[in-house]
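**Student:** In terms of the working numbering, the first sequence opens at residue 3 and continues consecutively.
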Amino acid sequence: MPELPEVETIVRGLQKTLAGKRIKEANVIFPKIVKQNLRHFKKNVEKSRIIRVRRRGKFILVDLSSGATILAHLGMTGSFLLRKPSTPLNKHDHLVLKLDKTPKELIYRDLRKFGKIKSFCTSWEEKLSELKKLGPEPLNISPSDFVNLFRRRKGKIKSALLNQQILAGLGNIYADESLFEAKIHPLQKIDKLNPEALETLRQAIQKVLKKAIKAGGSSIENYYNVNGEIGSFQLQHKVYGREGQLCKRCKTKIKKIKISQRSSYFCPRCQVLSHYNINTKAFLHST
DNA sequence: CTGCATGTTAGGTT
DNA sequence: CAACCTAACATGCA
Numbered sequence: 003m004p005e006l007p008e009v010e011t012i013v014r015g016l017q018k019t020l021a022g023k024r025i026k027e028a029n030v031i032f033p034k035i036v037k038q039n040l041r042h043f044k045k046n047v048e049k050s051r052i053i054r055v056r057r058r059g060k061f062i063l064v065d066l067s068s069g070a071t072i073l074a075h076l077g078m079t080g081s082f083l084l085r086k087p088s089t090p091l092n093k094h095d096h097l098v099l100k101l102d103k104t105p106k107e108l109i110y111r112d113l114r115k116f117g118k119i120k121s122f123c124t125s126w127e128e129k130l131s132e133l134k135k136l137g138p139e140p141l142n143i144s145p146s147d148f149v150n151l152f153r154r155r156k157g158k159i160k161s162a163l164l165n166q167q168i169l170a171g172l173g174n175i176y177a178d179e180s181l182f183e184a185k186i187h188p189l190q191k192i193d194k195l196n197p198e199a200l201e202t203l204r205q206a207i208q209k210v211l212k213k214a215i216k217a218g219g220s221s222i223e224n225y226y227n228v229n230g231e232i233g234s235f236q237l238q239h240k241v242y243g244r245e246g247q248l249c250k251r252c253k254t255k256i257k258k259i260k261i262s263q264r265s266s267y268f269c270p271r272c273q274v275l276s277h278y279n280i281n282t283k284a285f286l287h288s289t
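(1) In whole angstroms, what separates the C-alpha of F285 from that of P197?
(2) Given that a residue counts as buried once 16 or more other Cβ atoms are within 10 Å of its Cβ, and exposed if not, what is T289?
(3) By DSSP, does C272 sit in helix, in strand, or in coil?
(4) Please work out which residues of its chain come closer than 7 Å, Cβ to Cβ, to N229, disregarding the five sequence neighbours upstream and downstream, and give them in chain order.
(5) What is the DSSP secondary structure of G15, reduced to helix, strand or coil?
(6) Considering only residues of the segment 96–138, which uninterrupted beta strand (DSSP E) runs meet the minimum length of 3 residues and lie entirely inside it, listed in chain order?
(7) Grouping DSSP H, G and I as helix and E and B as strand, with all else coil, what is H75?
(8) Rank T79, E107, L164, G77 by C-alpha distance to the C-alpha of P90 and give the top, closest one.
(9) Check this for me: beta carbons of F152 and I175, under 9 Å apart or not?
(10) Could you give the DSSP three-state label for K60: helix, strand or coil?
(11) Mind checking which residues open and close the beta strand (DSSP E) that includes F182?
(12) What does a CB cutoff of less than 7 Å around K240 pick up in its chain, not counting 5 residues either side in sequence?
(13) Pull up the distance between the alpha-carbon of Q166 and that of T254, whole angstroms please.
(14) For K60, which residues of its own chain have a beta-carbon under 8 Å away from its beta-carbon, when the five flanking residues on both sides are left out?
(15) Once you ignore the five residues that flank G119 on each side, which residues in its own chain have a CB closer than 6 Å to its CB?
(16) Pop quiz: S276 and L164 are said to be a contact at Cβ under 8 Å. What is the actual Cβ separation, rounded to whole angstroms?
(17) Taking the alpha carbon of F116 as the point to measure from, which residue in K103, I143, F32 has its own alpha carbon closest?
(18) Checking 9 Å against the spacing of the C-beta atoms, do T124 and L195 come in under that value?
(19) Bridge partners for G80 per DSSP, in chain order?
(20) Can you check the segment 136–173 for any alpha helix (DSSP H) of at least 4 residues that lies completely inside it and give the ranges in chain order?
(21) With N29 as the anchor, note down where its beta strand (DSSP E) starts and where it stops.
(22) Measuring alpha carbon to alpha carbon, tell me which residue in K44, P140, E139, Q190 is nearest K160.
(23) Give the straight-line distance between the Cα atoms of D147 and L200, rounded to the nearest whole angstrom.
(24) So the candidates are F43, H187, R24; which of them puts its Cα closest to the Cα of R271?
(25) For the structure I just gave you, are there three or more beta carbon pairs, one from the segment 200–215 and one from the segment 131–146, closer than 8 Å?
(26) To the nearest angstrom, how far is it from the Cα of S131 to the Cα of R57?
(27) Can you check whether the CB of I72 is closer than 9 Å to the CB of K49?
(28) Which residue wins for smallest C-alpha separation from Y226, given the options I53, G22, M78, R51?
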């Protein structure tokens, strides 16, 4: 489920409802989700006030008055839900945070259990291996920084966009949608993309992500925001999940191929794989 | 039964 | 080192 727009939607929902509230108790139902000594986790979290909820890549960060921060990654199917304490637990509910001054409690639900939650000392954030490895945020990055991400790199552009160490936040849906928007073939070799094409890609990524955030993310199988509502960006997908359907730009049938063991959807006419796709020198020389 | 699914990572190999 | 592949994690669905 969760790529940058979905995580951003969840973070905004959590910030809105949880900022200022106190966590009374952390009830860990499925301990494997918490990647930390349970005592340490509870000690960091319980009786502390939530100061702020923020996002880095696909990670959710919850700053607490105890001087600790909760780090959560939703994996493929994780979600945070605010629910009435009286509602019976779902079989996939793994963590319950009881809150003060709210009629709701916060539940972490994760069908496939790929998600991870831990807490850490806020002042050590720069040393956290999970965050240290991440590339820059796609919504903030400048044109020159973006071009530099791909300098001296080989390989396929789609694989690079999925690599969180290069750029943080894109997953399979938004990589495909951004490449369609930029008219770049997912198998395009990085070293054959000139700076102009990379700038087109940067703008495409930002346009797609912003639209998706506005729509509250994409709900394909099981993505819900903190209020249990689905997003609507799946209705605006141009290629993802549309194999065999007609391209909205040119009416050609959308194709599906495997890249890095993942499905890639693209329009074979709009997204041409070009060998001429010119490096800067060749481009200048030919004009 | 088979294949596939919004993600990450460890361990190989090229 | 970079790139690429496979398997693994756990569960549900077509």
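Just so it is clear, CB atoms sit at the ideal spot from N, CA and C, and this is done for glycine as well. Keep in mind that this is a model prediction, so the values were computed, not measured.
**Tutor:** Put simply:
(1) Legend: pLDDT at F285 = 42, less than 50; position of this residue unreliable, value from coordinates given subsequently. Answer to the nearest angstrom: the Cα atoms are 11 Å apart.
(2) With a pLDDT of 35 at T289, under the threshold of 50, the modelled position of this residue cannot be trusted; read the value that follows with caution. Its Cβ having fewer than 16 others within 10 Å, T289 is exposed.
(3) coil
(4) G15, L84
(5) helix
(6) The DSSP assignment places 107–112, 118–123 as complete runs of the beta strand (DSSP E) inside the segment 96–138, in order along the chain (cut-off: 3 residues).
(7) strand
(8) E107
(9) no
(10) Of the three classes helix, strand and coil, the one that applies to K60 here is coil, per DSSP.
(11) First-last for F182: 174–183, but that is the alpha helix (DSSP H), not the beta strand (DSSP E).
(12) Correct list, in chain order: E179, F182, K250.
(13) 31 Å
(14) P4, E5, L6, V9, H75, L76, Q166, A170, G171, G173
(15) According to the sequence provided, residue 119 is Ile. The question's Gly does not apply to it. Closer than 6 Å at the Cβ level, and outside the excluded window around I119, lie I35, V36, A74.
(16) Actually they are not in contact, since the Cβ atoms of S276 and L164 sit about 21 Å apart, beyond 8 Å.
(17) F32
(18) no
(19) D112
(20) Counting only runs of at least 4 residues, the segment 136–173 fully encloses the following alpha helix (DSSP H) elements, listed from N- to C-terminal order: 145–151, 159–164.
(21) Counting along the chain, the beta strand (DSSP E) containing N29 begins and ends at 25–30.
(22) With distances taken between Cα atoms, K160 lies closest to Q190.
(23) Whole-angstrom Cα-Cα distance: 11 Å.
(24) H187
(25) yes
(26) Each residue's Cα considered, the two are about 16 Å apart.
(27) no
(28) M78
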